[in-house]
Each structure stands twice: as structure tokens, then as C-alpha cells.
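Numbering (UniProt numbering), first residue to last: 1 to 289.
Just so you know, even glycine gets a beta-carbon here, dropped at the ideal spot from N, CA and C.
Remarks on the structure that follows.
Okay, here's the thing in C-alpha cells:
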């Protein structure tokens, strides 16, 4: 029994597809997923909070859109937050730093507009704090979203460490007999070439007997006619679209139980399709020929 793992090199979306090949040349798909090498130890892969307001329908369905605001355990999207009769949308004007910059006269005017009644005669510092707490109760709280660092700005050492962790957490790789990696040849792909080397070393250290670099064109050459390839020559977007469509058709006829993997990754279909077709091409032309 051979195990082939095919990689489409990337930083945010490093796709891999694993196939088992039996002694009688039967092919089984056993794993298919992606690594995000921009995620470190302190990053989270949790789903964002969803709006838990009911839709106006007889079915009592939950909205479930991405929530922008919250109050306690109530989450709201932009539309449902605006519909609230008790809470207003927050503004930067009501932030603590902004309130501290305002003169006391302006603070009292703002308080009067929002029906704020101070507990007693207060100096400016105490007035600001009491007004701020009052306004917080009258307004939604914005949900802070942590902005991820761009893949191009993450240093290679961090990427290498994350790649190593991802490989360690996938024990299936320890019995790989063939690892197929898309060769990075573009003169502007220096970072990708380095990551290709890191990936190679991971499997050399695992004593994988066959680590092979292959051209990105092979996967489509095998599944398209010469006429089709000529029509789409040098058309990157067309190749990506073809890759997804060919993959979808093969899955439907040969691996239908895996179709959901492709369809549930809306922004990563091409990376998944490339790793799948590259692996299948190598098996059918090099191993099972």
C-alpha cells in the first residue's frame, strides 16, 4: 500500500491531498485539507459571533449573519442593531478618550441630550467616568475584530515554525511513500521557493523515499485536450476555473463522498483542486502507468 501526498504550496492556503494506492492499483482519497501558515500560537480559528435575533418569519429562524455588535449575551448584525428600540449604535464620540478631551460645558450638554442625570455635583474627571458608564448602557458595544497580519509581512522563521506544527499534527504524513510538491519557478516567488524547501526538508527528515517537484502545468495537461490547452494558453484565471470544474466532475464520478470538501471552501476551491488534480495526475501517469 502506497500513500501519496500532493501539495499546492501557499502561505495562507497550503492545500494538500492524500491518496492511498493499493497493490492492485485501486486509488482511495484519504485526506484533503488546507494549512493556514499565518496562524500562530496566539491566533484563533474560532467562528465569528453570529446575530442571534429571530427573523420575521413563521419558522422562527435565527438571523445568523456575522454580528457587529453585542450587549451581554445578545449579538446583532447591522440591521438588527438598528432595529433595537432600547439600544443605539455606538459612535467614536462616546469613547472614553474622546469624552476626556471635551470641556465640561460640552460634556454637560451631551449628557442632557442623552437624559443623563449625574448622582451629585462632580468634577470633570468623575463626570466623564459616570457619563461614559451611562452611555455604555444605552448603546451597543462594537465587536472588536483582530486584523490578521498580511501573509507577505510574516517572517519566514514564523512560517517555518507553523508549518512544522501543522505537519506534526497530521500523523498520516509519517507513512507517506510519495510527496508531490508543485515547483515554484517564478522569479518573484522567492518566499514560496523557501517554503517549498521547508516542506521538502520535513519529509526528508521523515525518511519519505520519494519527494518529487512537478510543474504546475502537468495537472491540466493530463485532463484537457491539446486544443483546450492551446485556447487557454497563459490564461491564469481560465486555468484556475478549469481546475475547479475538472475536479468537481471527477469527484462526482469517482469520489462523491469528498465533494463537500470542495464546495464548503468557497475562497479556496482552486488550491484544493490543484492539490487533488496534481496528485491524481502523478498516480495515473507515474505510479499506475
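Residue j and residue i - do their beta-carbons sit closer together than 7 Å?
i, j, result
"residue 306", "residue 66", "Here the chain covers residues 1 to 289 and nothing more, so residue 306 does not appear."
"residue 37", "residue 168", "no"
"residue 93", "residue 81", "no"
"residue 294", "residue 49", "Outside the shown range of the chain, which is 1 to 289, sits residue 294, and nothing can be said about it."
"residue 78", "residue 68", "yes"
"residue 131", "residue 116", "yes"
"residue 218", "residue 140", "no"
"residue 31", "residue 15", "no"
"residue 224", "residue 194", "no"
"residue 29", "residue 255", "yes"
Leaving out five residues on either side along the sequence, give the residues of the same chain with a beta carbon under 6 Å from the beta carbon of residue i.
i, result
"residue 176", "3, 5 and 208"
"residue 42", "Confidence at residue 42 is low in this model, with a pLDDT of 49, below 50, so the placement of that residue should be treated as unreliable; the coordinate-derived value is given next. Excluding sequence neighbours, residue 42 sits near nothing in its chain."
"residue 288", "25"
"residue 91", "none"
"residue 166", "35"
"residue 178", "4 and 210"
"residue 187", "none"
"residue 151", "11, 12 and 38"
"residue 124", "104"
DSSP puts residue i in a beta bridge; with which residues?
i, result
"residue 28", "20"
"residue 217", "Per DSSP, none; premise fails for residue 217."
"residue 5", "18 and 179"
"residue 62", "54"
"residue 139", "88"
"residue 35", "14"
"residue 269", "Paired residue(s): none; residue 269 is not in a bridge."
"residue 71", "74"
Count the other C-beta atoms from every protein chain shown that fall within 10 angstroms of the C-beta of residue i, then say buried if there are 16 or more, exposed otherwise.
i, result
"residue 60", "exposed"
"residue 274", "buried"
"residue 172", "exposed"
"residue 8", "buried"
"residue 104", "exposed"
"residue 278", "buried"
"residue 44", "Note that residue 44 has pLDDT 48, beneath the 50 cutoff, so the model's placement of it is unreliable and the number below is only indicative. With fewer than 16 other Cβ atoms within 10 Å, it is exposed."
"residue 180", "buried"
"residue 318", "Lying outside 1 to 289, the shown extent of the chain, residue 318 is not represented and no answer is given."
"residue 271", "buried"
"residue 54", "exposed"
"residue 23", "exposed"
"residue 109", "exposed"
"residue 76", "buried"
Closer than 8 Å by C-beta to residue i: which residues in its own chain qualify, once you throw out the five before and the five after it? Chain order, please.
i, result
"residue 183", "196, 213, 214, 215 and 216"
"residue 154", "11, 37 and 38"
"residue 133", "none"
Between which residues of its own chain and residue i is the CB-CB distance below 7 Å, once the five residues before and five after are set aside?
i, result
"residue 251", "258, 259 and 262"
"residue 198", "160 and 163"
"residue 128", "99, 100 and 107"
"residue 248", "262"
Alpha helix (DSSP H) runs wholly inside the stretch 74-119, at least 4 long, in chain order: When DSSP assignments are scanned along the stretch 74-119, the uninterrupted stretches of alpha helix (DSSP H) that are 4 or more residues long and fall wholly within it turn out to be 78-83, 96-101 and 104-113.
Residue ranges of each beta strand (DSSP E) run of no fewer than 3 residues wholly in the stretch 161-213, ordered along the chain? You should have 178-182.
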